[in-house]
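Down below is the structure, laid out as structure tokens.
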Amino acid sequence: MSQIPTRDELAALDAADAFIGRHIAPDAAGIADMLDAIGVASLDALAARTVPDGIRIGEIAGLPAPCDEHAALDELRALARQNTVARSLIGAGYHGTRTPPVIGRNVLENPGWYTAYTPYQAEIAQGRLEALLNFQTLVCELTGLPVANASLLDEATAAAEAVAMARAACKVKTNTAVAIATDIHPQTRAVIATRMAPLGIPLADLASGQPEAIAETKPFAVVLSYPGTTGEVRDLRAEIDAAHAVGALAIVCADPLALVLLTPPGEMGADVVVGSSQRFGVPMGFGGPHAAFFATTEANRRLMPGRIVGVSIDAAGAPAMRLALQTREQHIRREKATSNICTAQVLLAVIAGFYAVWHGPEGLRRIARRVNLHARLIAAAARAGGHAVMHDAFFDTVTLAPAPANTALYRAAAEAGFNLRLHPEGALSISLDETVTLAELDTLIGLFGGDAATLMGGALSEIATSLPLALLRGEDYLEQAVFNTHHSEHAMLRYLKRLEDRDIALNRSMIPLGSCTMKLNATAEMMAITWPEFADIHPFAPAAQTQGYLTLIERLSGWLAAATGFAAVSLQPNAGSQGEYAGLLAIRAFHHANGQANRDICLIPSSAHGTNPASAAMAGMRVVVVACTKDGDVDVADLEAKIAQHGDSLAALMITYPSTHGVFEEQIRRICELVHAHGGQVYMDGANMNAQLGLTSPGAIGADVCHLNLHKTFCIPHGGGGPGIGPIGVAAHLVPYLPGRPVVVSDGHADATPTSPVGPVSAAPYGSALILPISYAYIRMMGAAGLKRASEVAIASANYIAGRLGPHYPVLYRGARGMVAHECIIDCRGFEASANIRVEDIAKRLQDYGFHAPTMSWPVAGTLMIEPTESEPKDELDRFCDAMIAIRAEIAEIEAGAADRTDNVLRNSPHTAAEIAGDWTHPYSRAQAVFPLPFVRAAKYWPPVKRVDNAYGDRNLVCTCAPLEAYAEQEALA
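All the letters of the sequence shown, read from the start, carry residue numbers 1114 to 2087 under the working numbering.
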């Protein structure tokens, strides 16, 4: 008789069946079929043939047992209840806001929006691109500048990016400093300081209203604040003119809601305007994710970091949007790039743009005026109560001059449920926002001994002005139709749906992008991010109010450390690029602490992601490229030669594992040992961690630091190109050099004193904390066994695809025992000669089959890198393979002369419904164009535009929505 399982064993089995079997899509029969096709007996046997023996590990220790979805949500609810949702009027760049329900339900909670990928394949991303174009239009209108990007990571990093851009743009090479206004947010100054330190660039403090100091400093960049961190609104023209007089760029950090009422900085002459769009409908979320905005002049558009959405035309002459100006420039320029940013906060920028669409110019103006009125009432009450208000001109923030009474007032406010901001010198700030009710306003005014009714009824002269008349914006702005149309819920709902239907996301079909790991973002993982106890927490709230967050962060950090084999993890970096940078800063600080500041050489394989050399340059390192062999592995002989050449100066090696070419390199341990033997550190890029969990780890291979993409391996959705998180794990000797916190709150005081030899890399202490519950829930529900099984099935799926496609397309790289890792690269280069077909034609033809293309032409031009992930069922893998095999047959028809070399289904792809309904002149049938396989007809996706003309868009850059509206008017007239 079989042994009867214990209660605990039954519970574990139930928990595993409840979630692991849903996340890992292939069932037992599907896995068995794949293993049979691969020619191995089990997943363990496959792992043994794929992962080198010397780096295999057992089950990950230190992870909780798996649980089901309901248990995970109950655990998160218990943590949420440990947070206190006070009314945070701290300000400092973070404000309460209301996400319109129509946007919250239909965008933030909608997988059609949050599971899409970065819009590299423009034809099937027209919805997202239009939404981002709205965001860019909004930013241009508010800032008064002609060019805006599709967002950056947060306000502080956007300001640091602006300073870096200014350094590249400055023509006066004797200008070697950055002048920073003393009324800038402290976290923004701290991040800029971090960014400048490795480059040896000093920061000079610039007191308000002292433009003459700029002439003395002779900086290449002047960073100003509008309004200031204590709320002051002032004319910046004198400082901007002084900056231009010495050849510096003038950078203004601005509040977008204030810009609804105030003169745009661009009209004052600012060269760059940055800020956070958080208060346009995006929750504070303990610090993020939030979409920063970045606008500049035409002169600087090719130096601008991040991505720009531009309007071009498609093959039929209709307007179509795309990522403009080759905005993956940092991948191309590598160590010469001015930025390592390779993404944006797309989902959050989309929400902010839709917030403006929903409210329109009049609605935004009403919100801004109401906030300002409330602030004026608070100022009047404070003055009536005998307090000195520091500034007569302000928008939403009232600051009381330093006084002993401020501490008692702060505590009284806390007892009434309000968080205010005590400055280190004793001033007290109150920042109003759109969520403050009249009842709450009464309570606040009551702290000063007054009431709102009396103030509004009898002392209007006291509250009549706080914005200088000379700085008021004109009435006309946001006149584009999109901001003046969708104000009823039906209209908005249909607009959102129309845009959603123009995209391909994971709720429609597999997205097989190599190195990008487009896996399931389970609904249960997503639910907690909209709970007020996580969403409505200020990043500088008192620690007593954030115990649930702090416990979650401690547990998640510990789990990630266990999974990577490291001593500690920092969750602060809010993108993979920031994780790379933070990891290299830790290595740099370690060498400096050991008296080896001369170590500044970073070895990087030629196949590395372009952000690697860009990050190394930003960290003050010199990049030396290491060759790769014809099999894609690091050329160990060349590595040895480069180490011998630069041994005394060697700081680090950056390496991706499994390799960029999708294999587990057999000599990885030796590579790490060579670097260590010569005093260097090993940085591992964690882009491919989905093949490692439970099988090996960065610690096991000998790495010293590794960044993780939580938006890849740990289920935070890509959101159309963001949000992401890029935490770093480090070995014990690097723990002291993890990023410091930008602001530490103690007894109400927000102190920016450094907490680490390395400064902060993001504005908030824990980066994009709001989305950490997603990865927490994933690990909690999967457990150690589930994470290992996910890696095994991901490897099985990739090898299955390689096996099915191998007879039709050459598989470019395999490991020493004939296996690929979690992704494979197929070679399409020969088709240009044989059939006049390029890899781009295959990518666009896949759209007719309803699929997003794999990663195109990286790391090898003319190839496709395919990563299926463990979340795709075998049926979907087969549909994708069927599509790729059918496309190969279409190429064969061209090769055989049965199809024309220029007028064929591939060169003309994708095919739109409008094209099919019109005149047909092609030698192939309509059915062959749009219904090439039976499964396509059953669930047809219609690409909304023909192939986009990239060259036209580069020659005619337009990054606002005016051309789309002009075309819509022409179509309506026709």
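For glycine and all other residues, C-beta sits at the position ideal for the given N, C-alpha and C.
Length of the line joining the Cα atoms of Val-2071 and Ala-1816: What you label residue 2071 is simply residue 958 of the sequence shown in a count that begins at 1. What you label residue 1816 is simply residue 703 of the sequence shown in a count that begins at 1. Separation of Val-2071 and Ala-1816 (C-alpha to C-alpha, rounded to the nearest whole angstrom) is 45 Å.
Are there three or more Cβ pairs, one per stretch, closer than 8 Å when the stretch 1357–1368 is compared with the stretch 1378–1394? The stretch 1357–1368 and the stretch 1378–1394 touch, with no fewer than 3 CB-CB distances between them shorter than 8 Å.
Check whether the Cβ atoms of Val-1795 and Ala-1765 lie closer than 8 Å to each other. For the purposes of this step, residue 1795 is taken as residue 682 along the sequence shown, with counting starting at 1. For the purposes of this step, residue 1765 is taken as residue 652 along the sequence shown, with counting starting at 1. Here Val-1795 is near Ala-1765, since their CB atoms are less than 8 Å apart.
Is Asp-1988 buried or exposed, if buried means 16 or more other CB atoms sit within 10 Å of its CB? Stepping through the sequence shown from its first residue, residue 1988 is reached at position 875. That one is exposed.
DSSP bridge partner residues for Tyr-1339 (one or two, in chain order): Looking up residue 1339 in the sequence shown gives position 226. DSSP output for Tyr-1339 lists Ala-1367 as bridge partner(s).
Counting only runs that start and end within the stretch 1940–2021, where is the beta strand (DSSP E) found for 3 or more residues in a row? Within the stretch 1940–2021, the runs of beta strand (DSSP E) at least 3 residues long that lie entirely inside it are, in chain order, 1976–1979.
With Ala-1894 as the anchor, note down where its beta strand (DSSP E) starts and where it stops. Looking up residue 1894 in the sequence shown gives position 781. Per the sequence shown, residue 1894 should be read as Met rather than Ala. Looking at the DSSP string, Met-1894 is not in any beta strand (DSSP E); the run it does join, the alpha helix (DSSP H), is 1885–1918.
Contacting residues, own chain, Cβ-Cβ under 6 Å from Pro-1418 (five flanking each side not counted): Position 305 of the sequence shown, counting from 1, holds the residue named residue 1418. Closer than 6 Å at the Cβ level, and outside the excluded window around Pro-1418, lie Glu-1274, Ser-1452, Ile-1454.
Find the nearest neighbour of Asp-1484 within the set Ala-1730, Glu-1553, Pro-1686, Phe-1647, judged by alpha-carbon distance. Along the sequence shown, one-based indexing puts residue 1484 at 371. Here the sequence assigns Val to residue 1484, which means Asp is not the residue at that position. Val-1484 has its Cα closest to that of Glu-1553, out of Ala-1730, Glu-1553, Pro-1686, Phe-1647.
Three-state secondary structure (DSSP) at Asn-1288? To locate residue 1288, count along the sequence shown from 1; it is residue 175. In the three-state reduction of the DSSP assignment, Asn-1288 falls in the coil class, being assigned neither a helical nor a strand state.
Helix, strand or coil for Arg-1441, going by three-state DSSP, please let me know. Taking the first residue of the sequence shown as 1, we reach residue 1441 at position 328. At Arg-1441 the pLDDT is 46, less than 50, meaning the model places this residue with poor confidence; the figure from the coordinates comes in the next sentence. Coil.
Cut-off 8 Å between Cβ atoms - residues of its own chain near Thr-1081, not counting five sequence neighbours on either side: For the chain, the structure presents residues 1114 to 2087; residue 1081 sits outside this window and is missing.
Could you name the residues of the same chain whose beta carbon sits closer than 7 Å to that of Ala-1525, not counting the 5 residues immediately before and after it, in chain order? Within the sequence shown, the letter at position 412 stands for residue 1525. Leu-1560, listed in sequence order.
Considering only DSSP beta bridges, list what Thr-1809 is partnered with. Here residue 1809 corresponds to residue number 696 of the sequence shown, with the count starting at 1. Paired residues: none, contrary to the question.
Taking all protein chains shown into account, do 16 or more other C-beta atoms lie within 10 angstroms of the C-beta of Gln-1691, making it buried, or fewer, making it exposed? Here residue 1691 is taken as the residue at index 578 of the sequence shown, counted from 1. Label assigned to Gln-1691: buried.
Host alpha helix (DSSP H) of Arg-1162 (start-end): The residue labelled residue 1162 in the question sits at position 49 within the sequence shown. 1156–1163 is the extent of the alpha helix (DSSP H) around Arg-1162.
Take Ala-1890 as the anchor and find which of Glu-1268, Ala-1637, Ala-1465 has the nearest alpha-carbon. By 1-based counting over the sequence shown, the position of residue 1890 is 777. For the set Glu-1268, Ala-1637, Ala-1465, the Cα lying nearest the Cα of Ala-1890 is the one of Ala-1637.
How is the beta strand (DSSP E) around Cys-1785 delimited, first residue to last? Counting from 1 along the sequence shown, the entry for residue 1785 is found at position 672. Note, Cys-1785: premise wrong, no beta strand (DSSP E); alpha helix (DSSP H) at 1781–1790.
What would DSSP say about His-1403, mapped onto helix, strand or coil? Taking the first residue of the sequence shown as 1, we reach residue 1403 at position 290. Three-state result, His-1403: coil.
Looking at C-alpha atoms only, which residue of Ala-1279, Asp-2032, Thr-1976, Glu-1936 is the closest neighbour of Asp-1954? To locate residue 1954, count along the sequence shown from 1; it is residue 841. Of the candidates Ala-1279, Asp-2032, Thr-1976, Glu-1936, Thr-1976 places its Cα closest to the Cα of Asp-1954.
Return the chain-ordered list of same chain residues with a C-beta closer than 7 Å to the C-beta of Ile-1950, the five sequence neighbours on each side being excluded. Mapped onto the sequence shown, residue 1950 falls at position 837. Closer than 7 Å at Cβ, skipping near neighbours: Phe-1944, Ile-2004, Ile-2007, Leu-2019.
CB-CB under 6 Å to Pro-1718, same chain, minus the five flanking residues each way: which ones, in chain order? The sequence position of residue 1718 within the sequence shown is 605, counting from 1. The residues Val-1739, Cys-1741, Val-1747, in chain order, have a CB closer than 6 Å to that of Pro-1718 in the same chain once the five nearest residues on each side in sequence are set aside.
Between the Cα of Val-1359 and those of Gly-1723, Glu-1325, Ala-1494, Thr-1550, spot the shortest distance and give me the residue it belongs to. Taking the sequence shown and counting its residues from 1, the one referred to as residue 1359 is at position 246. Out of Gly-1723, Glu-1325, Ala-1494, Thr-1550, Glu-1325 has the C-alpha closest to the C-alpha of Val-1359.
Distance check for Asn-1822 and Asn-2096, CA to CA, integer angstroms please. Shown here, the chain extends from 1114 to 2087; a query on residue 2096 therefore has no answer.
Quick one: is Asp-1296 buried, meaning 16 or more other Cβ sit within 10 Å of its Cβ, or exposed? If you number the sequence shown from 1, residue 1296 lands on position 183. Classification of Asp-1296: buried, given that the 10 Å Cβ count is 16 or more.
Name, in chain order, the residues that DSSP records as bridge partners for Ala-1294. The residue you call residue 1294 lines up with position 181 of the sequence shown. Beta-bridge pairing links Ala-1294 to Leu-1319.
Between Ala-1235 and Asp-1546, what straight-line distance do the alpha-carbon atoms span, to the nearest angstrom? Position 122 of the sequence shown, counting from 1, holds the residue named residue 1235. Position 433 of the sequence shown, counting from 1, holds the residue named residue 1546. The C-alpha of Asp-1546 is placed about 37 Å away from the C-alpha of Ala-1235.
Contacts around Ile-1305, its chain only, beta-carbon distance under 8 Å, and the 5 residues preceding and following it disregarded: As a working note, residue 1305 is residue 192 in the sequence shown. So the qualifying residues of the chain are Ala-1269, Ala-1272, Ala-1273, Val-1276, Val-1291, Ile-1293, Leu-1316, Val-1336.
Given this structure, state the Cα-to-Cα distance separating Ile-1168 from Thr-1630, to the nearest angstrom. In the sequence shown, counting from the first residue as 1, residue 1168 sits at position 55. In the sequence shown, counting from the first residue as 1, residue 1630 sits at position 517. So the two alpha carbons sit approximately 23 Å from each other.
For Val-1220, name the three-state secondary structure that DSSP assigns. Here residue 1220 refers to the residue found at position 107 when the sequence shown is read from its first residue. Note: Val-1220 maps to helix in three-state DSSP.
Among the residues of its own chain, which have a CB less than 7 Å from the CB of Ile-1353, if the five just before and after it don't count? Within the sequence shown, numbered from 1, the residue matching residue 1353 stands at position 240. Ala-1363, Met-1381, Gly-1382, Ala-1383, listed in sequence order.
Looking only at C-alpha atoms, which of Ala-1437, Phe-1467, Trp-1644 sits nearest to Ala-1613? Here residue 1613 refers to the residue found at position 500 of the sequence shown. In the sequence as presented, Ala is not what sits at residue 1613; that position holds Glu. Comparing Cα-Cα distances from Glu-1613 to each of Ala-1437, Phe-1467, Trp-1644, the minimum goes to Phe-1467.
Pick from Phe-1777, Ala-1702, Leu-1763, Leu-1669: whose alpha carbon is nearest that of Pro-1886? Residue mapping note: residue 1886 aligns to position 773 of the sequence shown, counting from 1. The shortest C-alpha to C-alpha distance from Pro-1886 to any of Phe-1777, Ala-1702, Leu-1763, Leu-1669 is the one to Leu-1669.
Buried versus exposed, by CB contacts within 10 Å (16 or more), Asn-1707: Taking the sequence shown and counting its residues from 1, the one referred to as residue 1707 is at position 594. Answer is exposed; the Cβ neighbour count stays below 16.
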